[in-house]
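This report concerns only the one structure given below.
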Amino acid sequence: MKKNVKLLDLVRQYGGIRDEIAAAIGEVMDSQYFILGPKVEKFEEAVASYCGTGHGIGTASGTDAILLALMALEIGPGDEVITTPYTFFSTVSSITRLGATPVMVDIDPATFNISPERIEEAVTERTRAILVVHLFGQTAEMDTITKIAESKGIHVVEDACQSIGALYRGRQAGSMGIAGCFSFFPSKNLGGFGDGGMVVTSDAELAARIRMLRVHGGKERYYHDVVGINSRLDALQAAVLLVKLRYLDGWSARRRGNAEYYDGRLSLVGGIEPPAVAEGCVSIYNQYVIRARDRDGLKAFLAGEGIGCEVYYPVPLHLQRCFSFLGGRKGDLPESERAAEETLALPVYPELEREEQDYVIDRITAFMSR
2 MKKNVKLLDL
12 VRQYGGIRDE
22 IAAAIGEVMD
32 SQYFILGPKV
42 EKFEEAVASY
52 CGTGHGIGTA
62 SGTDAILLAL
72 MALEIGPGDE
82 VITTPYTFFS
92 TVSSITRLGA
102 TPVMVDIDPA
112 TFNISPERIE
122 EAVTERTRAI
132 LVVHLFGQTA
142 EMDTITKIAE
152 SKGIHVVEDA
162 CQSIGALYRG
172 RQAGSMGIAG
182 CFSFFPSKNL
192 GGFGDGGMVV
202 TSDAELAARI
212 RMLRVHGGKE
222 RYYHDVVGIN
232 SRLDALQAAV
242 LLVKLRYLDG
252 WSARRRGNAE
262 YYDGRLSLVG
272 GIEPPAVAEG
282 CVSIYNQYVI
292 RARDRDGLKA
302 FLAGEGIGCE
312 VYYPVPLHLQ
322 RCFSFLGGRK
332 GDLPESERAA
342 EETLALPVYP
352 ELEREEQDYV
362 IDRITAFMSR
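For the sequence shown, the working numbering begins at 2 and goes up steadily by one.
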């Protein structure tokens, strides 16, 4: 019998915390304090504490979190930033918006994260930073990457927009570079009721600079030291996220349980490769991404069977038209290109029922056995 299994069902999550959310929003409405303020400060402190960093700076989005971290490091024209092409658009666009040059290197085919070996080969005298992406909820190989950065005298910034709560050898995503950047877009493991983001850092001077840059570059209203941007976290978002933060680890654990169930069943299906988790890493499975023979055929089939699934990402960034000025060509980064052609994300959200997972697995098996 055909079922309807969504890729993500936020209505189920909301149903369990509706009253807490309403009370939190009510407090903001009563205060009429909507931009920054006490709720945002409390949330910044909570996230910084969760990550084990000294400071959290709320921003209007995850994109702005990345942009502000790079701005605070004074990255600009003439500088190079090494990163990955297999990621969301804002990773690379944040570099180009500052006039710097993104140097995209290939990924580890097992984890989909940036390859440390490729990073070392790409460092030049113009390299100012490595913008590491912790993709799909799993951290990159940070020990190797930070050693490379230290030996070259360059910064590591973590794009942890998909990975709040992920662990690398006991350390939280976002806490291992000079700055970590998070997104609270509604579909994230910790998602708000709109856009929102945060930078975490243990560098007090950097934190102060980011705080200044997010309010048009001024420490005092109407007095501007530098040209900043307007990127402030709303108090309503902070209130919602404070409630959800209390549930984050439990939700992530249930995602891991769902992922383990998929792993056990899908590993027996020919033409399907479940995702790998690197030794020493704990994934939060922001997405559960398989490789599949005839990925596009499988995606169309599952959609027809009522199963939500998604391709992250169909065109790696070195082949996007807007970045053609960088000179990227097909074949330059073969693992990123292969991942773009083979990967498919399946439902893995915490409230997913086992019966629904069984249906997804059954339908995948039916297609692959044809």
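In this text, a Cβ means the ideal position worked out from N, Cα and C, and glycines have one as well.
Assuming the contact rule is C-beta atoms closer than 8 Å, Phe185 and Gly193 should be a hit. Round their C-beta distance to whole Å, please.
Locating residue 185 in the sequence shown gives position 184, counting from the first residue. Locating residue 193 in the sequence shown gives position 192, counting from the first residue. Phe185 to Gly193, Cβ: 4 Å. Contact.
Should Ile67 and Thr85 be called a contact, given that it needs their Cβ atoms to be closer than 9 Å?
Stepping through the sequence shown from its first residue, residue 67 is reached at position 66. Stepping through the sequence shown from its first residue, residue 85 is reached at position 84. No, they are not a contact pair.
Under the three-state reduction of DSSP, which class applies to Thr60: helix, strand or coil?
Residue numbering aside, residue 60 sits at position 59 when the sequence shown is read from its first letter. Here Thr60 sits in strand by DSSP.
Classify Leu269 as buried or exposed, calling it buried when 16 or more other Cβ atoms lie within 10 Å of its own Cβ.
Position 268 of the sequence shown, counting from 1, holds the residue named residue 269. For Leu269, the number of other beta carbons within 10 angstroms of its own is below 16, and it is reported as exposed.
To the nearest angstrom, report how far apart Met143 and Ala61 are at their CA atoms.
Your numbering for residue 143 matches position 142 in the sequence shown. Your numbering for residue 61 matches position 60 in the sequence shown. Those two C-alpha atoms are separated by around 27 Å.
The region 159-175 contacting the region 8-26, beta-carbon criterion three pairs below 8 Å:
no
Per DSSP, what kind of secondary structure is His319 in: helix, strand or coil?
Position 318 of the sequence shown, counting from 1, holds the residue named residue 319. If DSSP states are grouped into helix, strand and coil, His319 belongs with the helices.
By alpha-carbon positions, which one of Asp333, Ala340, Glu311 ends up nearest to Leu347?
Taking the first residue of the sequence shown as position 1, residue 347 is located at position 346. Among Asp333, Ala340, Glu311, the Cα nearest to that of Leu347 belongs to Glu311.
Among residues of its own chain, excluding the 5 on either side of Tyr34, which ones have a beta-carbon nearer than 6 Å to its beta-carbon?
Here the question's residue 34 lines up with position 33 in the sequence shown. Cβ within range, chain order: Ala236.
When the Cα atoms are used, what is the spatial distance from Asn190 to Leu303?
The sequence position of residue 190 within the sequence shown is 189, counting from 1. The sequence position of residue 303 within the sequence shown is 302, counting from 1. Straight-line Cα distance between these residues: approximately 24 Å.
Where Asp160 sits in the DSSP three-state scheme
For the purposes of this step, residue 160 is identified with residue 159 of the sequence shown, where counting begins at 1. In the structure shown, Asp160 sits in a strand (DSSP, three-state: E or B).
Which value, in whole angstroms, describes the spacing of the CA atoms of Val200 and Glu75?
Taking the sequence shown and counting its residues from 1, the one referred to as residue 200 is at position 199. Taking the sequence shown and counting its residues from 1, the one referred to as residue 75 is at position 74. If you take the alpha carbons of Val200 and Glu75, they lie about 16 Å apart.
Which residues in the same chain have their Cβ closer than 8 Å to the Cβ of Lys220, if we skip the five residues on either side of it in sequence?
Residue numbering aside, residue 220 sits at position 219 when the sequence shown is read from its first letter. Closer than 8 Å at Cβ, skipping near neighbours: Met213, Asp226.
Can you tell me whether Met2 is helix, strand or coil according to DSSP?
For the purposes of this step, residue 2 is taken as residue 1 along the sequence shown, with counting starting at 1. Coil.
Simplified DSSP assignment, three categories, for Ala111:
For this step, residue 111 is matched to residue 110 along the sequence shown. DSSP places Ala111 in coil when its eight states are reduced to three.
Touching or not, the region 124-131 and the region 238-248, by the rule of three or more beta carbon pairs under 8 Å?
Touching, no, given that fewer than three Cβ pairs across the two stretches are closer than 8 Å.
Leu1 - containing alpha helix (DSSP H), residue span
No information on residue 1 is available, as it lies outside the stretch 2 to 371 that the chain covers here.
Does DSSP put Val283 in a helix, in a strand, or in coil?
Within the sequence shown, the letter at position 282 stands for residue 283. Note: Val283 maps to strand in three-state DSSP.
Distance check for Pro103 and Ile83, CA to CA, integer angstroms please.
Residue numbering aside, residue 83 sits at position 82 when the sequence shown is read from its first letter. Residue numbering aside, residue 103 sits at position 102 when the sequence shown is read from its first letter. Straight-line Cα distance between these residues: approximately 6 Å.
Could you tell me if Lys40 is buried or exposed, where buried requires 16 or more neighbouring beta carbons within 10 angstroms of its beta carbon?
Your numbering for residue 40 matches position 39 in the sequence shown. Flag for Lys40 reads buried.
Which one of Ile146, Arg371, Asp359, Tyr262 has the shortest CA to CA distance from Lys3?
By one-based count along the sequence shown, residue 3 stands at place 2. When each option's Cα is compared against that of Lys3, the closest is Asp359.
Do the region 133-140 and the region 285-292 touch if we need at least three Cβ pairs shorter than 8 Å?
Touching, yes.
Rounding to the nearest angstrom, what Cα-Cα distance links Tyr263 and Tyr313 in this structure?
Along the sequence shown, one-based indexing puts residue 263 at 262. Along the sequence shown, one-based indexing puts residue 313 at 312. If I take the Cα positions, the gap works out to 18 Å.
For a test of the three-state rule: what should DSSP assign to Cys310, helix, strand or coil?
Stepping through the sequence shown from its first residue, residue 310 is reached at position 309. Coil at Cys310, not helix or strand.
Among all the DSSP beta bridges, which residues are the ones paired with Gly198?
Along the sequence shown, read from residue 1 onward, the residue named residue 198 stands at position 197. Thr60, Ser184, per the DSSP bridge assignment.
In the DSSP assignment, what are the bridge partners of Pro103?
As a first step, residue 103 must be located in the sequence shown, where it is residue number 102. Answer is Val82, bridged to Pro103.
Going by DSSP, what residue range makes up the beta strand (DSSP E) through Ala293?
What you label residue 293 is simply residue 292 of the sequence shown in a count that begins at 1. Residues 289-293.
Beta carbon of Ala254, beta carbon of Ile273: below 9 Å?
Numbered from 1 along the sequence shown, position 253 holds the residue referred to as residue 254. Numbered from 1 along the sequence shown, position 272 holds the residue referred to as residue 273. Cβ distance not < 9 Å, so Ala254 and Ile273 don't count as in contact.
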